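Peer 1:
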Amino acid sequence: MKVLVGVKRVVDYAVKVQVQKGAVNLKNVKMSLNPFCEIAVEEAVRLKEAKAAEEVVALSIGPKQATETLRTALAMGCDRAIHVSTDLRTDYMELQPYAIAKIIQKIVDQEQSDLVLLGKQGIDSDCGQTGPMLAGFLGWPQVTFAANLNVEGNGITVERETDSGTETIKIPSLPAVVTCDLRLNEPRYATLPNIMKAKKKKVDTIKAEDLGVDLTTHNEVVEVFEPPPRKEGIMVESVDDLVSKLKSAGVVA
Amino acid sequence: VIISPKYVEDVSKILRFANQHLIPVVPFGAGTSVEGHVCALEGGISLDMKQFQNIMLPGEENNNEEDDQVMMPDPIARVGAGVTRKTLNKALRHTGLQFVVDPGADATLGGMTATGASGTTAVRYGTMRENLLEVECVLADGTLVKTGTRALKSSAGFDLLGLLCGSEGTLGVITSVTVKLHPIPDYVVAAVCVFDSLADAANTVATLKLCEIPVVRCELLDSTSVAAFNAMIANEKTSNGGAKETKQMEVKPTVFFEFQASSEESLQEQVRLTESITKDFSGSNFQFTSGEEERKALWAARHNLYYASINLRKGATDAVLTDACIPLSKFAQVIDATVRDVEELGVIGPCFGHAGDGNFHCILPIMEDDPEDYIARVHQVNDNLIQRTLRAGGTCTGEHGIGYGKIKYLEQQYGPGAVKMMEAIKKSLDPNGIMNPGKVVNYHR
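So the sequence lines, in the order shown, correspond to chains G and B.
All residue numbers for the first sequence refer to my numbering, where the first residue is 29 and numbers rise by one.
All residue numbers for the second sequence refer to my numbering, where the first residue is 3 and numbers rise by one.
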């Protein structure tokens with residue numbers, strides 16, 4: 029099977045973002061590979077190592093620096109990469125899941141992929157929509173929040189995590205879209221020799237505008253604001269004091 | 003009072019204020035130190051460095067955006083004092099590089115510098131001192147200090163890095179450090195070997211090092227430790243109804259090895275040579291494996307040692323952990339004598355060591371309702387082993403530091419001259435004695 033893996037360049041999970049001029053400030057902010065996409069890459073590379081996949085292609089939509097994110101995916105074991113270049117913000121402010129899914133659809137058609145692995149959501153926009161939308165556009169079966177994936181014959185069996193327990197979904201034959209959740213695997217660390225090798229792997233760049241996809245936003249972002257600062261606490265001297273304060277705040281009867 | 007500053011200038015302001023008003027200041031990292039380092043013996047300010055979280059990765063400072071033909075970045079990272087080693091390694095995970103000093107706990111880089119930390123990889127990569135390049139700190143009077151260099155060696159002036167490393171917060175507050183990084187290994191193999199005596203194990207390790215086999219980890223468990231592990235898994239078997247697969251180990255001194263290399267051939271060569279050396283010293287049952295899960299299983303006795311030791315005394319929740327470092331030629335002798343001492347004093351205390359460094363620890367489980375007599379005997383074991391260590395030309399602490407419990411050994415270990423020199427340095431850098439008073443040296447204003 030041919031696997032296409034989506035990798036998104038997002039604000040690093042450890043960064044404390046700040047809002048400036050109605051948007052999250054991205055200047056001089058540390059960016060990295062979206063953790064859920066990292067899990068998707070790991071799963072794709074494992075499929076290749078198990079000889080279930082013949083080729084793994086990494087795809088990223090974003091500015092010039094998205095190629096660094098792709099190099100990480102290549103260092104982890106992807107065979108080659110496609111960079112759809114755009115300077116539009118991919119954190120929902122300018123490019124939204126609808127258009128992103130349409131872009132990925134074009135690449136899937138071009139690559140004739142059998143399995144698309146995506147992270148379940150980007151940690152910047154937290155939408156979780158790209159995978160399901162893509163499946164809808166392609167008319168393919170989808171499984172989201174995958175916690176376990178097994179190749180069986182021409183298809184796959186996926187366990188997905190839900191709030192009420194684990195669900196097992198069998199897709200008898202590919203193609204399919206799967207979005208990956210935390211428990212699916214523990215991504216590998218890239219070793220230096222692999223990082224060196226990755227520099228020589230192929231990265232093709234296509235301009236987003238050249239794909240013939242409507243990139244306009246369908247949803248308007250009305251306001252972006254930081255959560256209100258934590259209110260100062262009060263030190264209490266005793267349990268009785270605590271109880272009386274909770275009562276006067278109406279927290280307990 | 004707990005203060006959590008965010009900027010170096012704030013640390014300077016706080017210290018100037020504290021110095022003026024004679025308020026003690028105790029720097030705080032992750033609080034994983036074990037010799038009472040963060041105990042505020044005289045009250046004052048606990049200076050929590052947790053907001054110093056900046057991480058600058060290799061190549062990030064000279065970010066050349068246009069050019070694709072950049073020089074290979076130096077394998078170094080500059081981090082805020084509050085960054086823990088696991089946080090640093092997580093940030094490094096796609097660079098192919100890692101920070102190798104591993105004291106077990108997830109300590110902060112500032113704390114590791116202040117305590118001169120080391121761990122299981124010291125045999126190959128050295129301690130915190132060998133992995134430090136630069137340190138930024140603030141002195142008691144608020145002076146900002148930058149010292150060290152990114153160059154790989156230097157002869158420029160007094161070795162302030164060496165002075166600050168291990169100073170345990172008594173000379174200043176460390177705000178950031180630049181550390182060396184090493185490549186993440188391509189190939190790793192874990193091995194285990196059993197010996198008839200501690201002396202055989204020690205001789206094996208000494209020979210290994212003389213043959214320049216670059217063993218990365220080399221841990222020794224005494225028979226009591228192995229028995230503790232066997233007891234622990236036997237208990238698990240009965241409670242699981244025999245579900246666990248873990249095999250009992252031979253109750254003999256056992257060495258756990260870890261080898262790393264950039265090629266499989268190089269690794270196989272290291273393992274082959276090591277196995278042949280073990281045979282020269284009665285080594286038996288040499289096993290090795292490379293898979294990640296199998297390596298964890300092979301090292302299970304070493305990884306679970308603390309809990310297995312605590313389990314030797316039903317109801318124990320804590321332990322006294324000793325720390326001494328001896329020249330390798332006397333290593334086995336000191337451990338043997340300690341094991342006998344533990345038995346004679348009628349306490350429980352398995353021993354294990356970082357054999358490659360001659361550093362050993364005795365884990366003495368204690369309970370809340372232990373009679374004073376038992377606790378006294380436990381401390382006697384520690385005192386005795388330190389005496390033995392000093393007589394053998396060793397040091398009263400290999401990695402845990404002095405804190406306030408071991409100040410009494412410094413004069414015995416070094417003689418009055420060195421102690422006087424340390425007190426003079428303390429007096430000159432912290433005349434009001436506000437920096438972590440009561441630790442490392444006896445100094446009061």
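Virtual Cβ for every residue (Gly too), placed ideally from N, Cα, C.
As the structure is a computational prediction, the values presented were derived from the model and not from experiment.
(1) Compare the C-beta of B/Gly-112 against all C-beta atoms of chain G and say whether one is closer than 7 Å.
(2) Going along the chain, which residues of its own chain have a beta-carbon closer than 7 Å to the beta-carbon of B/Ala-109, five neighbours each way excluded?
(3) Below 8 Å, how does it come out for the segment 251-258 of chain B and the segment 216-234 of chain B: are there three or more Cβ pairs, yes or no?
(4) At what residues does the alpha helix (DSSP H) containing B/Cys-139 begin and finish?
(5) Tell me which residues of the segment 169-192 of chain B have at least one Cβ-Cβ distance to chain G shorter than 9 Å, keeping chain order.
(6) Examine chain G for any beta-carbon lying closer than 7 Å to the beta-carbon of B/Arg-95, and answer yes or no.
(7) What number of angstroms, rounded off, separates the C-alpha of G/Asp-137 from the C-alpha of B/Leu-90?
(8) Can you say whether B/Cys-213 is buried or exposed, counting buried as having 16 or more other CB atoms within 10 angstroms of its CB?
(9) Give the residues of chain G in contact with B/Gly-440, contact being defined as C-beta atoms less than 7 Å apart.
(10) If you drop the 5 nearest sequence neighbours on each side, which residues of the same chain put their C-beta closer than 6 Å to that of G/Ala-72?
(11) Heavy atom of the ligand GTP less than 6 Å from the Cβ of G/Val-136, yes or no?
(12) Can you tell me which residues form a DSSP beta bridge with B/Thr-256?
(13) Please return the same chain residues whose Cβ sits closer than 6 Å to the Cβ of B/Val-194, not counting the five positions on each side in sequence.
(14) Between B/Ser-178 and B/Gly-82, how many whole angstroms is the CB-CB distance? I'm expecting something under 8 Å.
(15) If you run the structure through DSSP and keep just helix, strand and coil, what is G/Glu-83?
(16) Going by DSSP, name the residue or residues bridged to G/Leu-61.
(17) For chain B, check one thing: does any of its Cβ atoms lie closer than 7 Å to the Cβ of G/Leu-102?
(18) Exposed or buried, B/Ser-3, counting other C-beta atoms within 10 Å across all chains shown (16 or more means buried)?
(19) Is DSSP giving G/Tyr-120 helix, strand or coil here?
(20) Since G/Ala-163 and G/Cys-208 are thought to touch, with beta carbons under 8 Å apart, how far apart are those beta carbons, to the nearest angstrom?
(21) In the DSSP assignment, find the unbroken beta strand (DSSP E) run with G/Gly-193 in it and report its ends.
(22) Are the segment 163-183 of chain B and the segment 139-152 of chain B in contact at 8 Å, needing three or more beta carbon pairs?
(23) Which residue's Cα is closest to the Cα of G/Leu-239: G/Gly-150, G/Ile-89, G/Asp-142, G/Leu-210?
(24) Tell me where the alpha helix (DSSP H) around B/Arg-297 begins and ends.
(25) Under 7 Å between the Cβ atoms of B/Asp-320 and B/Ile-368?
(26) Over what stretch of residues does the alpha helix (DSSP H) that includes B/Leu-275 continue unbroken?
(27) Got a sec? Which residues, its chain only, sit under 6 Å from G/Lys-230 by beta carbon, not counting five neighbours each side?
(28) At a CB-CB cut-off below 9 Å, which residues of chain B make contact with G/Leu-220?
(29) Identify which residue in B/Arg-297, B/Ala-339, B/Thr-399, B/Val-196 has its Cα closest to the Cα of B/Thr-280.
(30) At a CB-CB cut-off below 9 Å, which residues of chain B make contact with G/Leu-61?
(31) For a test of the three-state rule: what should DSSP assign to G/Pro-203, helix, strand or coil?
(32) Scan the segment 310-358 of chain B and note each continuous beta strand (DSSP E) run of 3 residues or more that stays entirely inside, going in chain order.
(33) When the cut-off is 7 Å and only beta carbons count, does G/Tyr-126 lie next to chain B?
(34) Around the C-beta of G/Ile-132, are 16 or more other C-beta atoms found within 10 angstroms, so that it is buried, or is it exposed?
(35) What's the C-alpha gap between B/Asn-56 and B/Glu-271?
(36) For the alpha helix (DSSP H) containing B/His-381, name the first residue and the last one.
Peer 2: Concretely, from the data shown:
(1) No, B/Gly-112 lies away from the interface with chain G (no Cβ there is under 7 Å from its Cβ).
(2) Within the same chain, B/Ala-109 has close Cβ partners Gly-31, Ala-32, Thr-34, Thr-86, Arg-87, Ala-119.
(3) Counting Cβ pairs under 8 Å, three or more are found: they touch.
(4) For B/Cys-139, there is no enclosing alpha helix (DSSP H); the enclosing beta strand (DSSP E) has its first and last residue at 134-140.
(5) Near chain G, meaning a CB-to-CB distance below 9 Å, the residues of the segment 169-192 of chain B are Pro-185, Ile-186, Pro-187, Asp-188.
(6) Yes, because at least one Cβ of chain G sits closer than 7 Å to the Cβ of B/Arg-95.
(7) When rounded, the distance between both Cα atoms is 40 Å.
(8) Exposed, because fewer than 16 other Cβ atoms sit within 10 Å of the Cβ of B/Cys-213.
(9) Within 7 Å Cβ-Cβ: nothing; B/Gly-440 doesn't reach chain G, min ~27 Å.
(10) The answer, listed in chain order, is Val-31, Val-33, Val-84, Leu-145.
(11) With respect to small molecules bound, the structure shown includes none, and the ligand GTP cannot be examined in it.
(12) As computed with DSSP, B/Thr-256 is found in a beta bridge with B/Val-196, B/Leu-223.
(13) Hits under 6 Å: Phe-258, Gln-289, Leu-300.
(14) Separation of the CB atoms of B/Ser-178 and B/Gly-82 is rounded to 5 Å, and the pair is thereby assigned contact status at 8 Å.
(15) G/Glu-83: strand per DSSP, three-state reduction.
(16) G/Leu-61 pairs with G/Arg-37.
(17) G/Leu-102 does not count as touching chain B.
(18) Strictly speaking, residue 3 of chain B in this sequence is Val, with Ser absent from that position. Of the residues assessed, B/Val-3 falls on the exposed side of the cut-off, its CB having fewer than 16 other CB atoms within 10 angstroms.
(19) In this structure, G/Tyr-120 counts as coil in the three-state DSSP scheme.
(20) The Cβ separation is near 14 Å, so there is no contact.
(21) Counting along the chain, the beta strand (DSSP E) containing G/Gly-193 begins and ends at 193-199.
(22) Touching, yes, given that three or more Cβ pairs across the two stretches are closer than 8 Å.
(23) Of the candidates G/Gly-150, G/Ile-89, G/Asp-142, G/Leu-210, the one whose C-alpha sits nearest the C-alpha of G/Leu-239 is G/Ile-89.
(24) Under the DSSP assignment, B/Arg-297 falls in the alpha helix (DSSP H) whose first and last residues are 294-300.
(25) Taking 7 Å as the Cβ cut-off, B/Asp-320 and B/Ile-368 qualify as a contacting pair.
(26) Start and end: 266-282.
(27) Around G/Lys-230: Arg-108.
(28) Thr-97, Gly-98, Leu-99, Pro-185, Ile-186, Asp-188, Ser-264, listed in chain order.
(29) If we check each option's Cα against that of B/Thr-280, B/Val-196 comes out closest.
(30) Among the residues of chain B, those whose CB is under 9 Å from the CB of G/Leu-61 are His-96, following chain order.
(31) Looking at G/Pro-203 - three-state DSSP - the assignment turns out to be coil, as it is neither helix nor strand.
(32) Look at the segment 310-358 of chain B and you find these whole runs of beta strand (DSSP E), each 3 residues long or longer: 320-323, 353-356.
(33) No, G/Tyr-126 lies away from the interface with chain B (no Cβ there is under 7 Å from its Cβ).
(34) That one is buried.
(35) Roughly 41 Å between the two C-alpha positions.
(36) That run of the alpha helix (DSSP H) goes 374-393.
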